[in-house]
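A quick write-up on the structure given underneath.
Number of protein chains: 2
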Amino acid sequence: MTDRGGSQTKVVNAASADAKTPRTERGRRTLRKLLDASAVEFGEKGFHEASVSSITRRAGVALGSFYTYFDSKDALFRALVADMSENVKSSARSALAPDMTALEIERAALAAFLDFAREHKEIYRIIDEAEFVDPESYRTHYETIAERIRMRLEAGSASGEFRAGLGELEAWAVMGMNVFVGLRYAVWADKGEARPSDEIASAVNALLAKGIARRK
Amino acid sequence: MTDRGGSQTKVVNAASADAKTPRTERGRRTLRKLLDASAVEFGEKGFHEASVSSITRRAGVALGSFYTYFDSKDALFRALVADMSENVKSSARSALAPDMTALEIERAALAAFLDFAREHKEIYRIIDEAEFVDPESYRTHYETIAERIRMRLEAGSASGEFRAGLGELEAWAVMGMNVFVGLRYAVWADKGEARPSDEIASAVNALLAKGIARRK
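Which chain is which? The protein sequence lines are A and B, in order.
First residue of the first sequence: 1, per full-length UniProt numbering; consecutive thereafter.
First residue of the second sequence: 1, per full-length UniProt numbering; consecutive thereafter.
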């Protein structure tokens with residue numbers, strides 16, 4: 001398989017555990033359509049009510065093509081969770097610039113996540129439903145994100161920008177902040193109160209940088 | 001109805017929206033048994049597989065008694081979510097002492113929550129399933145907790161212990177930290193790595209107090 005970068009690579013990475021790998025560009029597009037249609041279907045109906053025939057209809061793909069790539073609705077769901085994890089990661093990564101400080105990286109990653117969650121509100125419902133449909137995917141999703149944050153925090157400690165001793169516990173705390181701020185301000189934002197992602201990310205970043213205690 | 005305080009009050013508060021109010025002490029005990037048994041049943045099997053007959057069997061209560069208090073499995077589930085919200089609140093409250101600083105209150109509330117979550121690991125699964133079974137209960141659960149944290153943060157700002165300007169956004173961030181640290185260290189703690197709740201709460205409290213930036 002030739003790695004041609006960009007979106008093709010993303011599809012292949014994301015779905016590799018549960019989808020058969022397409023060998024052609026057309027196949028990659030079909031797989032992408034199925035994943036996108038399944039996000040809408042699972043997000044609207046939930047896993048149990050969702051159906052393969054409705055997903056292929058949404059995707060404009062023949063039912064037979066579905067089984068070229070997935071063995072079952074379960075396999076598609078697992079591939080979708082992995083795909084969403086991958087998309088969260090790549091959306092954060094694409095917001096980063098080489099000259100950012102460690103703190104700016106946290107702010108930019110959160111702002112990108114908030115934008116992503118506004119565009120794909122179904123991500124919360126799908127990831128949360130994974131706790132019941134496929135607990136291992138659920139746990140892997142969060143463990144993978146926490147591990148990435150831990151590495152960033154430790155790099156910041158090592159460079160002297162962050163205080164020493166940051167690790168896994170702080171990474172889970174940071175992830176929790178980001179997830180719940182996203183739930184409140186990206187997914188549950190009432191109409192007319194849409195605060196820009198940058199503004200929210202900056203407020204969370206200030207909390208992360210200096211905490212809440214008044215400096216004496 | 002005479003408010004006789006203590007656990008009776010808790011049952012009545014917690015279940016008032018969806019359970020009929022028991023008029024006798026024996027009735028309150030029956031209602032408590034049904035809520036406790038349902039927590040185990042919903043935690044183990046999930047909402048859809050759980051059954052009223054299995055819950056009454058676990059509770060050692062006659063099936064007819066169930067319908068004295070609840071109209072349906074749905075009503076019991078909603079009452080259980082409200083009961084868990086109430087128990088989270090009262091476990092945090094019982095850990096507080098009058099002479100605590102605002103920061104100590106956050107630490108003690110988190111330590112109490114971690115102890116509670118270790119004892120009642122099913123709480124995560126039940127609250128998370130509410131997102132699908134009864135979205136309004138799910139949202140109310142988190143909005144209520146965030147509102148309590150917001151009031152504590154604003155009190156800390158007002159007294160000058162915390163910096164000015166803390167509000168709803170910081171409250172959701174703090175709630176997210178606590179929820180995800182609880183998920184990792186209370187619910188998903190691997191055997192042999194059980195860190196004491198106090199130690200975890202202190203590390204989160206340090207993050208909350210001073211953030212992660214190195215002080216210059």
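Glycine included, each C-beta is placed from N, C-alpha and C at the ideal position.
List, in chain order, every chain A residue whose beta-carbon is nearer than 8 Å to that of residue i.
i: Gly46 (chain B); result: Phe132
List, in chain order, every chain A residue whose beta-carbon is nearer than 7 Å to that of residue i.
i: Met177 (chain B); result: Ala173, Gly176 and Met177
i: Arg214 (chain B); result: Gly160, Glu161, Phe162 and Arg163
i: Leu166 (chain B); result: Ile212
Just curious, the alpha helix (DSSP H) that residue i is in, first and last residue?
i: Ser53 (chain A); result: Val52 to Ala59
i: Ala83 (chain B); result: This sequence places Asp at residue 83 (chain B); Ala is not what is there. Looking at the DSSP string, the run of the alpha helix (DSSP H) that includes Asp83 (chain B) is Lys73 to Ser94.
i: Ala173 (chain A); result: Glu168 to Gly182
i: Ile212 (chain B); result: Ile212 (chain B) -> no alpha helix (DSSP H), and no H or E assigned at all.
i: Phe70 (chain B); result: No alpha helix (DSSP H) holds Phe70 (chain B); DSSP gives it neither H nor E.
i: Pro135 (chain B); result: Pro135 to Ala158
i: Lys33 (chain B); result: Glu25 to Glu49
i: Glu119 (chain A); result: Ala102 to Glu119
Between the C-alpha atoms of residue i and residue j, what's the straight-line distance to the nearest angstrom?
i: Glu44 (chain B); j: Lys216 (chain A); result: 50 Å
i: Ala19 (chain B); j: Pro196 (chain A); result: 42 Å
i: Asp3 (chain A); j: Thr24 (chain A); result: Because Asp3 (chain A) sits at a pLDDT of 39, beneath the cut-off of 50, its placement in the model cannot be relied upon, and the following sentence gives the value as read from the coordinates. Those two C-alpha atoms are separated by around 12 Å.
i: Arg211 (chain B); j: Val187 (chain B); result: It should be noted that the sequence gives Gly, not Arg, for residue 211 (chain B). Cα to Cα, the separation comes out at about 25 Å.
i: Leu208 (chain B); j: Gly165 (chain B); result: 15 Å
i: Gly64 (chain B); j: Ser72 (chain B); result: 12 Å
i: Asn13 (chain A); j: Glu86 (chain A); result: The pLDDT assigned to Asn13 (chain A) is 47, lower than 50, so where the model puts this residue is not dependable, and the model offers no usable value.
i: Tyr138 (chain B); j: Glu143 (chain A); result: 23 Å
i: Ala102 (chain A); j: Tyr185 (chain B); result: 26 Å
i: Lys33 (chain B); j: Glu122 (chain A); result: 37 Å
i: Ala62 (chain A); j: Arg118 (chain A); result: 30 Å
i: Asp36 (chain A); j: Ala50 (chain A); result: 14 Å
i: Ile55 (chain A); j: Asp190 (chain A); result: 29 Å
i: Phe116 (chain A); j: Arg163 (chain B); result: 31 Å
i: Ser159 (chain A); j: Ser90 (chain A); result: 24 Å
i: Ala203 (chain B); j: Glu154 (chain B); result: 22 Å
i: Arg29 (chain B); j: Pro135 (chain B); result: 28 Å
i: Asp99 (chain A); j: Ala171 (chain A); result: 22 Å
i: Gly156 (chain B); j: Gly27 (chain B); result: 42 Å
i: Glu41 (chain A); j: Thr21 (chain A); result: 22 Å
i: Asp74 (chain A); j: Ile105 (chain B); result: 44 Å
i: Arg78 (chain B); j: Leu31 (chain B); result: 14 Å
i: Arg152 (chain B); j: Met84 (chain B); result: 21 Å
Am I right that residue i and residue j are in contact with their C-beta atoms under 8 Å? What's the rounded C-beta distance?
i: Val133 (chain A); j: Phe47 (chain A); result: 5 Å
i: Ala95 (chain B); j: Ala109 (chain B); result: 6 Å
i: Ala82 (chain B); j: Ala112 (chain B); result: The pair is not a contact, with the Cβ atoms about 19 Å apart (cut-off 8 Å).
i: Ile149 (chain B); j: Val174 (chain B); result: 5 Å
i: Val179 (chain B); j: Gly60 (chain A); result: About 39 Å separates the two Cβ atoms, so there is no contact after all.
Return yes when the Cβ of residue j is within less than 8 Å of the Cβ of residue i, no when it is not.
i: Glu168 (chain B); j: Arg214 (chain A); result: no
i: Ala130 (chain A); j: His141 (chain A); result: yes
i: Ile145 (chain B); j: Leu80 (chain B); result: no
i: Ala39 (chain A); j: Leu114 (chain A); result: no
i: Arg107 (chain B); j: Asn205 (chain B); result: yes
i: Val88 (chain B); j: Phe66 (chain B); result: no
i: Asp128 (chain A); j: Asp198 (chain B); result: no
i: Tyr124 (chain B); j: Leu76 (chain B); result: no
Taking Cβ-Cβ distances shorter than 8 Å, what residues in chain B pair up with residue i?
i: Glu41 (chain A); result: Near Glu41 (chain A) there are no residues of chain B at all, since even the closest Cβ is about 15 Å away, more than 8 Å.
i: residue 288 (chain A); result: In this structure chain A extends from 1 to 216, so residue 288 (chain A) is not present and cannot be described.
Using a Cβ cut-off of 9 Å, pull out every chain A residue sitting near residue i, in sequence order please.
i: Arg93 (chain B); result: By Cβ distance, chain A contributes nothing, its closest Cβ being about 21 Å from Arg93 (chain B), past 9 Å.
i: Arg208 (chain B); result: Correcting the residue type first, residue 208 (chain B) is Leu in the shown sequence and not Arg. What Leu208 (chain B) touches in chain A: Ala173, Leu207, Gly211, Ile212 and Ala213.
i: Leu153 (chain B); result: Ile212
i: Leu103 (chain B); result: Ile212 and Ala213
The ligand COA and residue i: does any heavy atom of the ligand fall closer than 7 Å to the residue's C-beta?
i: Val179 (chain B); result: In the structure shown, the ligand COA is absent, as is every other ligand, since no ligand is present at all.
I want to verify the contact list: residues of chain B whose CB lies under 9 Å from the CB of residue i, in sequence order.
i: Val181 (chain A); result: Leu169, Trp172, Ala173 and Gly176
i: Ile200 (chain A); result: Leu169
Quick one: which chain B residues come within Cβ less than 7 Å of residue i?
i: Asp128 (chain A); result: Asp128 and Glu131
i: Ala203 (chain A); result: Leu169
i: Arg29 (chain A); result: Under the 7 Å cutoff, chain B gives no residues; its nearest Cβ is about 32 Å from Arg29 (chain A).
i: Arg184 (chain A); result: Trp172
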